[in-house]
């Protein structure tokens, strides 16, 4: 009988620990993070290609894009005419990286390109889709 009472007293503690563990699991799964999850993206730029070339984001959410330049010349990652202006990293030297943060407020499909002369024509372009 006393053994049963002791277990009953421990029950709220055990249930509380289970609830905390479940809550922590839900938070860790629900949050986007770095490494390409959520609204943070790392784009690898090589000589005349973005990887990934196409990105999809939600309207109204803050987005961070980091261009990692794996090429042999300077490159940039620029969204053309996003909400009325060009948004990009600026030029990134070889073996360097640079980030840009923005919030896309208008749904649509936008052109991404490296604006260094000749690079987009050589294939360094992609698409930003805002939903």
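Numbering (our numbering), first residue to last: 10 to 140.
Ideal Cβ positions, reconstructed from N, Cα and C, are used throughout, including at glycine.
Owing to the predicted nature of the structure, the values given are computational and were not obtained by experimental measurement.
query: By how many angstroms is the C-alpha of residue 18 removed from the C-alpha of residue 70?
result: 46 Å
- prompt: How would you write the range of the beta strand (DSSP E) that residue 65 sits in, first residue to last?
  reply: 63–66
task: Using beta-carbon positions only, say whether residue 51 and residue 85 come within less than 7 Å of one another.
output: Going by C-beta atoms, residue 51 is not nearer than 7 Å to residue 85.
message: Mapping the DSSP letters down to three states, classify residue 70 as helix, strand or coil.
response: Coil.
field: Contact the stretch 94–103 vs the stretch 60–69: 3+ CB pairs below 8 Å
entry: no
- prompt: Do you know whose CA, among 49, 90, 126 and 21, lies nearest residue 76's CA?
  reply: 49
- request: In the DSSP assignment, find the beta strand (DSSP E) that holds residue 92 and state where it starts and stops.
  value: Careful: residue 92 lies outside any beta strand (DSSP E) and carries neither H nor E.
task: Could you name the residues of the same chain whose beta carbon sits closer than 8 Å to that of residue 87, not counting the 5 residues immediately before and after it, in chain order?
output: 95, 96, 97, 98, 121, 122, 123 and 124
field: Cα-Cα separation between residue 102 and residue 22, rounded to whole angstroms
entry: Rounded to the nearest angstrom, the two C-alpha atoms are 56 Å apart.
field: Same chain only: Cβ atoms within 7 Å of residue 106, ignoring 5 sequence neighbours per side
entry: So the list reads 75, 76, 77 and 78, once near-sequence residues are dropped.
task: Measure the alpha-carbon distance for residue 100 versus residue 57 and round it to whole angstroms.
output: Those two C-alpha atoms are separated by around 14 Å.
field: CA-to-CA distance, residue 55 to residue 82, given in whole angstroms
entry: Note on geometry: alpha-carbon atoms of residue 82 and residue 55 lie some 9 Å from one another.
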